[in-house]
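Numbering (our numbering), first residue to last: 9 to 268.
(1) Can you grab the Cα-Cα spacing for the pair residue 87 / residue 40, in whole Å?
(2) Please classify residue 34: is it buried, with 16 or more other beta-carbons within 10 angstroms of its beta-carbon, or exposed?
(3) Assign residue 267 to one of two classes, buried (16 or more other C-beta atoms within 10 Å of its C-beta) or exposed (fewer than that).
(4) What number of angstroms, rounded off, separates the C-alpha of residue 17 from the C-alpha of residue 113?
(5) To which residues does DSSP link residue 220 through a beta bridge?
(6) Which residue comes first and which comes last in the alpha helix (DSSP H) that contains residue 123?
(7) Three-state secondary structure (DSSP) at residue 66?
(8) Compute the beta-carbon to beta-carbon distance between residue 134 and residue 264, rounded to the nearest angstrom, for a pair I have assumed lies under 8 Å.
(9) Report the partner residues of residue 261 according to the DSSP bridge assignment.
(10) Nearest-angstrom Cα distance between residue 219 and residue 212?
(11) For residue 190, which residues from the same chain have a beta carbon less than 7 Å from its beta carbon, with the 5 sequence-adjacent residues on both sides left out?
(12) May I have the straight-line CA-CA distance separating residue 123 from residue 70, to the nearest angstrom?
(13) May I have the straight-line CA-CA distance separating residue 181 from residue 194, to the nearest angstrom?
(14) Does the pairing of the stretch 73-83 with the stretch 99-108 give three or more beta-carbon distances under 8 Å?
(15) Check whether the Cβ of residue 206 lies closer than 8 Å to any Cβ atom in chain D.
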């Protein structure tokens, strides 16, 4: 029997149904008639569900990986387009609503990424941003080391580089995962370790980029992890207001931002 999430496209679709659509319903978000972009679209699962849910939306999917964009383009999703794009590049379009979910931690330049995110938005445009703080238990994405005990160890990514890469490199071939979640897991891990995104740093750069925070959610068990491992969603109510402790105990941060 295959792994539950071997089909990345179907995994994306299921994840959107379980986490994104409920959020949209809770906050009365209607994308019909809007120019919408999904940055870090992967194989297009988000776009596929948005097309079903919001038939009048104008949809664009961006991803850094040409392989993902090629696969997404073959899905033949009605009135949707897919392009290779790096959020660190100069913006070349304008949108009313942007999804930027679990991508920021790979960018290696948070201020520039958020500045370009703002530039991509029309005046009063909205961005839905999520990310796992680097200092959190699995903020280093060690869980992508499928088949290894490393994935189950919290905070192991906080070890010095030589020790961390020794533990990871010897337990999973670089080629594994190229057709599913990642384009070479070692490069993904390097990007995350170079970015080291934090809640406090994010909020500082959000203000500098000209955003107003409309909604903020900090989770002890974030919705995507709850879905993946069949766990309950738990907000970080205990430590979410304490600056340093929230970095260590928040598995996922969630923001709805309005461009001012």
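Every residue, glycine too, gets a C-beta built ideally from N, C-alpha and C.
Taking the structure as given:
(1) Here residue 87 is taken as the residue at index 79 of the chain shown, counted from 1. Here residue 40 is taken as the residue at index 32 of the chain shown, counted from 1. So the two alpha carbons sit approximately 13 Å from each other.
(2) In the chain shown, counting from the first residue as 1, residue 34 sits at position 26. So residue 34 counts as exposed.
(3) Within the chain shown, numbered from 1, the residue matching residue 267 stands at position 259. When all chains shown are included, residue 267 counts as buried.
(4) Counted from its first residue, the chain shown places residue 17 at position 9. Counted from its first residue, the chain shown places residue 113 at position 105. The straight-line gap from Cα to Cα measures roughly 21 Å.
(5) Translated into the one-based positions of the chain shown, residue 220 becomes position 212. Bridge partners of residue 220: 266.
(6) Translated into positions along the chain shown, residue 123 becomes position 115. Where residue 123 is concerned, the enclosing alpha helix (DSSP H) stretches over 118-128.
(7) Along the chain shown, read from residue 1 onward, the residue named residue 66 stands at position 58. Residue state, collapsed to three classes: strand.
(8) Residue numbering aside, residue 134 sits at position 126 when the chain shown is read from its first letter. Residue numbering aside, residue 264 sits at position 256 when the chain shown is read from its first letter. At roughly 7 Å, the Cβ-Cβ gap stays under 8 Å, so residue 134 and residue 264 are in contact.
(9) Your numbering for residue 261 matches position 253 in the chain shown. Bridge partners of residue 261: 139 and 226.
(10) The residue labelled residue 219 in the question sits at position 211 within the chain shown. The residue labelled residue 212 in the question sits at position 204 within the chain shown. Each residue's Cα considered, the two are about 10 Å apart.
(11) Walking along the chain shown from the start, residue 190 turns up at place 182. Summary for residue 190: the model assigns pLDDT 46, below 50, so the residue's position carries little reliability, and this model does not support an answer.
(12) On the chain shown, position 115 is the one that residue 123 refers to. On the chain shown, position 62 is the one that residue 70 refers to. If you take the alpha carbons of residue 123 and residue 70, they lie about 17 Å apart.
(13) Counted from its first residue, the chain shown places residue 181 at position 173. Counted from its first residue, the chain shown places residue 194 at position 186. The predicted model places residue 181 with a pLDDT of 49, which falls under 50 and marks its position as unreliable; any figure quoted below should be read in that light. Approximately 9 Å, taken between the alpha carbons.
(14) no
(15) Absent from the structure is chain D; it holds one protein chain and no more.
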